[in-house]
Amino acid sequence: MESQKSESIRTNRRRLTRRELLKATAQLTAVGIVGCNGVSASPDEWVSLFDGRSLEGWRASENKASWRVEGGCLVADGPRSHLFYEGPVGNHNFRNFELALEVLTKPGANSGVFIHTRYQESGSPTAGYEVQINNSYPMVGENPEFRRTGGLFAIQDVFKAFLPDDQWFRMRILVVGKRIRVWVNEFPMVDYVEPAVPPRAKNRTERRLSQGTIALQAHDPGSRIHFRNIRIRRLPDDANPFAEPRPDVTPYGMTEGLIDRLSMLAIPATDFHIHLRGGMTVDKAIERQAVTGINAGVLENHGRGWPLDTNEKLAAFLDGVADKPVFVGIQVNDRDWAEAIDPKLLGRLDYVLADTMIMPMPDDSSPPVKLWLTDQYTIDDPKAWMERYVRHNLRVLSEPITILANPTWLPKPIAHLYDELWTEERMRLIIQTAVERGVAFEINASGYPPEKFIRLAKEMGAKFTLGTNNFDDRPISLARCFDMIDKCGLRGRDFLLIRPKARSNAPR
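According to our numbering, the sequence shown is numbered sequentially starting from 115.
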């Protein structure tokens, strides 16, 4: 009987999801891109929480004038306030449910949707979870707000701002048992399972799943935001949270509560070294990001003889990944790449990654050699070669790159001389140059740089990123990266924050 019930729930959910997607598209077509007139949903499937005319069923906290109905929309515009649903649907007490709504942000807006919460007269709701809404809130001050739309605020965050302001987008939140899933415009953003004992900061101890109402946020006087078509579909209390299977995250080095602890440390955990090759795709990167909570940065190699060897190919690559919830970069392999790339295309990149694994051999005037191909060269004098290699590192760091991958890597023929060749003096020179140039060091899943370099770099004020450097679409464990975070005491301030560039909503 239980298996039959689970199958029924699973089948019904899939049918409704497709229907809702078609219905939402039809609604957007009918009302236009900025219109606010809602369309009623079938009462046997979805129930509206907002009538499009009044605040009936909703209760505002503290600065109540921050909420109004305008053109069929709920509008948040003013000092901090939260609007709690206290209407008759489900006696405003929801456990398992699917919530759907449409949102439009104005430039600089910050807001959120709270679930499993309860009314409180002042402050941000302490009970339940917040699904973040933030497309362009400025990253300013010592503690900039870097958490973006679609993330589970300070629990499993999204760091890429990928939605434009002044355009409607769809958000869907599914809560079943201890599992929370979030979609934005049908992109999977979060697939989170609450641990048995969730790690929580002292001010977030009530960030737990139980049951409760829905609330919307008016964040500050500069945050204007519109909501419409707010609907809910209640699910049985015994619904199976895994009727739609969740991928296993252990191959990625994820342990229970890990993403929660990284969020407590304000670490913007992102793998910026995901190559789109060997079967790896943007969609797979997005799906993994939702399940693991480790954000994704996708890239392709740029340079002569590499996939992106012309501006036309770079433009096609950028068009293929545009407007998706992942960071987008390139790995540069030629030393004149900055002059070769059209500045307009360079401006569309979130980051540029480089390494030092291609170097002229046997001398500085020779053609570049891929140092991992050890049959292509010889190193007769390791100490003399190391002097050239350090200069090569400094040359790469002089370029307008964002991340240096595999820092202090050595080719296999001399890797056993690491401690002798990579002296503290040489490490300090590389680190100081990177700090001065604003280049972050990648902590790679495969072993570079070693712990002593990371500790020294942290001491000298360097920034870090995480990277897997995949060759195909098979999972790669980031356990070594997480281990370095713990051993070296890294915190959010030690990591690179990618700041969004000004964007235009006009077609490219």
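Don't be surprised by glycine CBs; every beta carbon is placed ideally from N, CA and C.
Item, Value
"Kindly indicate which residue of R182, E176, W160 has the alpha-carbon position closest to the one of G166.", "R182"
"Only counting runs of 4 or more residues, tell me where the alpha helix (DSSP H) segments fall wholly within the stretch 328-380, in order along the chain.", "372-378"
"Between D597, M574, D586, which has its C-alpha nearest S580's C-alpha?", "Position check: residue 580 holds Leu in this sequence, whereas Ser was assumed. Ranking the options by Cα distance to L580, first place goes to D597."
"Could you give the first and the last residue of the continuous alpha helix (DSSP H) run that contains L197?", "That residue, L197, is in no alpha helix (DSSP H); its beta strand (DSSP E) goes 195-199."
"Decide if G393 is buried, meaning its Cβ has at least 16 other Cβ atoms within 10 Å, or exposed.", "exposed"
"So, do the stretch 360-370 and the stretch 397-416 have three or more beta carbon pairs nearer to each other than 8 Å?", "yes"
"How do the stretch 257-265 and the stretch 169-189 stand: do at least 3 beta-carbon pairs fall below 8 Å, yes or no?", "no"
"If you drop the 5 nearest sequence neighbours on each side, which residues of the same chain put their C-beta closer than 8 Å to that of V396?", "L390, V412, G434, V435, K438, V440"
"First and last residue of the alpha helix (DSSP H) that includes D433?", "425-435"
"To the nearest whole angstrom, what separates the beta carbons of Q234 and S175, a pair I think is in contact under 8 Å?", "6 Å"
"Any idea what DSSP makes of L390, helix, strand or coil?", "coil"
"Please classify A410 as buried or exposed, where buried requires at least 16 neighbouring CB atoms within 10 angstroms.", "buried"
"At which residue ranges does the stretch 426-497 contain complete alpha helix (DSSP H) runs of 4 or more residues, listed in the order of the chain?", "451-454, 457-460"
"Give a yes or no on contact between the stretch 536-549 and the stretch 461-475, applying the rule of three or more CB pairs nearer than 8 Å.", "no"
"For a test of the three-state rule: what should DSSP assign to I408, helix, strand or coil?", "coil"
"The alpha helix (DSSP H) with N580 in it runs from where to where?", "It should be pointed out that residue 580 corresponds to Leu in this sequence rather than to Asn. Looking at the DSSP string, L580 is not in any alpha helix (DSSP H); the run it does join, the beta strand (DSSP E), is 578-581."
"Here's a check: name, in chain order, each residue in its chain whose Cβ is nearer than 7 Å to the Cβ of A429, leaving out the five neighbours to either side.", "L459"
"Name the DSSP beta bridge partners of C595, please?", "Paired residues: none, contrary to the question."
"Does DSSP put S512 in a helix, in a strand, or in coil?", "coil"
"Counting Cβ pairs closer than 8 Å, one from the stretch 503-515 and one from the stretch 467-474, do we hit at least three?", "yes"
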